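By my numbering, the letter at position 410 of the sequence shown is numbered 621, and the numbering carries on one by one without gaps. Glycine residues also receive a C-beta, built at the ideal position from the N, C-alpha and C atoms. On a predicted model such as this, the values are computed, not experimentally measured, just so you know. Everything below concerns the one structure shown next.
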Amino acid sequence: MGWPYIGETLQLYSQDPNIFFLTKQKRYGEIFKTHILGCPCVMLASPEAAKFVLVTQSHLFKPTYPKSKEKMIGPYALFFHQGEYHTRLRKLVQNSLSPETIRKLIPDIEDLAVSALESWAAASEQVINTYYEMKKFSFDVGILSIFGHLDRVYRDKLKENYQIVDKGYNSFPTNIPGTAYHKALQARKRLNQILSEIICERKEKKLVEKDLLGHLLNFKDEKGETLTQEQIADNIIGVLFAAQDTTASILTWILKFLHDDPKLLEAVKAEQMAIYQANDEGRRPLTWAHTRNMPLTYRVVLESLRMASIISFTFREAVVDVEYKGYLIPKGWKVMPLFRNIHHNPEFFADPHDFDPSRFEVAPKPNTFMPFGNGVHSCPGNELAKLEALILMHHLITKFRWEVVGSQSGIQYGPFPVPQQGLPARFWKESSTPFQDM
Ligand code: HEM
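Given below as C-alpha cells:
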C-alpha cells in the first residue's frame, strides 16, 4: 500500500503506468491492492473480474471521479450517475448515437474529413501536430452529432470556450484568478450561456431534430417532467468531453501504425482504392454499406484500439463490502479494471506487442477486448468513433500521403496515451510532388 496518505501515487505517476501495473501483476497476480491519490484501490487484471465489476455485479459499484472534474464537466453528466437517472439519460444519448442516426451523418463527416485533410496538405511544407489536428476534427464531428448543422457563430464560440475548459481540466484544481483551473471554470459558465441561447433559438423555431440536443429537449418522464437546462448542458458538455480526446488519440495511433508498416498500408490502400474506383473515382459519396464493407481497414481500427488501449483502466467505488473469489473489497474502496493489461496479456492476444490486425479475423475471447468498456457504462459513441475513423482513412489513403517527421518513438500521456509530440507529420495530395528533402 506504500507510504501513509500518498501510498504509491508517485510510483504510478513517475513512470509509465503500464510498468507499474505489470510489475504488480507479476508479483501479486490478477487482483492486487494499492493506495493512490489518497484512496485505497483494488486493481483487477482479469476478464472475469472486469466483467464482475462492470456487468454482472455493476450495481455494487458506482462510478467515481474527482470532485474538481465533476464540477468542470457538470454534475448531471450521465457518467457520474447510476440507477434510474443514468438509465434515462443513457437511452437518450444512445438513441442519438445509434447506427440508424449516425448513418445519416456520413456526408457531413466526409465533408469535415476532406476539409481537414485539404488544410493539412495545403500547409504541406509545414509540420503539423497530428493529434492536435485530430482534436479539431473529432470536436467538429462531436458538434455535428449533438447539434446537427449548427450556426458557425455558435460553433466558434463553443470551440473557443471549450478549449479553455479542456486546458484547465487536467490542471491543478486551485480556483484562484489567473490559474488555468479558474479560467476553465469561467469558460464553463460561458458555455452554459451559449447553450441556453442555442436552446432558446431551437425552441422558438419549433425545430424537432433527431440529434442529441433534440432528444434531450423532447424528453418527458412518466409524470410529464422535462429535463432542466442544467441537465441538458451538463450532458452536452459530457458527450463532447467523452468524444474528443479519445477519438483524436485513436486516429493519431492509426496513422502511426499504418505509417510504420508500409506493407499493411499497401493492403489497406488496395481495399480503399477498390471502393474509390467502384464509387466513380470518389465522385459519389460514401454510403453506410461501404463503411460496413472495409474488413481489413476495420481490423486495423480494432487492432489500434487494442494496441493503444486509450482508456487504460477505469474507476469504480464499492458501495457495500463485496466479496470476490474469497477476497474482500471493502465499502468505499476504489476498484480499477485494467483494460490495457487484459489487452496486452499473451494468454488472450498472442505476441501482444506486435501490431497484427489479422488477429481480429477470429473474434477475441469474451470480455478480453474492452476498448469501449463493458456493461451499463460502456461507450455509447463506439459506432460513431469507428465510423469517423473509417471515413477519415478512406479519404486519407485514397487521395493523400503522409510522412512522420522525426524519429521519436514512445508514448506521451495527456492524459490519454498519444504518440510522442502528437505525431509530427507532413501531408500532401497524392497527385502533387512530395517535398524536396524526402
Ligand atoms: C475511440 C474513441 C472512444 C473510446 C476509446 C471510448 C471509450 C470509452 C470507455 C472505455 C467508456 C466507459 C468508461 C467506464 O466504464 O468508466 C466510455 C464511455 C462513454 N463514452 Fe466513449 N469512447 C470513445 C468515443 C466516444 C464518442 C465519439 C462519444 C460520443 C459521441 C463517446 C461518449 C461516451 C459517453 C457518453 C460515455 C459514458 C457512458 C455512460 O456512463 O453510460 N465516446 N467511452
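Set against 7 Å, the gap from the CB of residue 590 to the closest heavy atom of the ligand HEM is smaller. Between residue 497 and residue 321, the beta carbon gap of about 6 Å places them in contact (Cβ cut-off 8 Å). By alpha-carbon distance to residue 274, the top candidate from 429, 616, 527 and 231 is 527.
Under the rule that a run must span 4 or more residues, the alpha helix (DSSP H) segments found entirely inside the segment 454 to 502 read 473 to 489 and 499 to 502. Under DSSP, residue 547 takes part in a beta bridge, and its partners are 254. Rounded to the nearest angstrom, the gap between the Cα atoms of residue 638 and residue 369 is 28 Å. When DSSP assignments are scanned along the segment 515 to 573, the uninterrupted stretches of alpha helix (DSSP H) that are 4 or more residues long and fall wholly within it turn out to be 550 to 554. Residue environment analysis places residue 538 among the exposed positions, since fewer than 16 neighbouring C-beta atoms fall within 10 angstroms of its C-beta. Inclusion of residue 307 and residue 349 in the CB contact set at 8 Å is not warranted, their separation being larger than that value. When the five nearest sequence neighbours on each side are left out, the beta carbons in the same chain lying within less than 8 Å of the beta carbon of residue 382 are those of 390, 391, 392 and 395, in order along the chain.
In this structure, 520 is the residue among 403, 520 and 473 with its C-alpha nearest to the C-alpha of residue 458. Taking all protein chains in view, the Cβ of residue 304 is crowded by 16 or more other Cβ atoms within 10 Å, so the residue is classified as buried. Residue 472 and residue 460 have their C-alpha atoms some 19 Å from each other.
Out of 518, 567 and 423, the CA that lies nearest to the CA of residue 478 is found in 567. DSSP, read as helix, strand or coil, puts residue 340 in strand. By the Cβ neighbour-count rule, residue 333 is exposed, with fewer than 16 other Cβ atoms within 10 Å of its own. The alpha carbon of residue 599 has as its nearest neighbour, out of 298, 317, 493 and 281, the alpha carbon of 317. Distances taken from the Cβ of residue 290 to the heavy atoms of the ligand HEM include one shorter than 7 Å.
Runs of alpha helix (DSSP H) with 4 or more residues, each lying fully within the segment 404 to 437, are found at 423 to 429, listed in chain order. When distances are taken from the beta-carbon of residue 301 to the heavy atoms of the ligand HEM, the shortest one is below 7 Å. Proximity of the segment 542 to 556 to the segment 249 to 263 meets the contact definition, three or more beta-carbon pairs being nearer than 8 Å.
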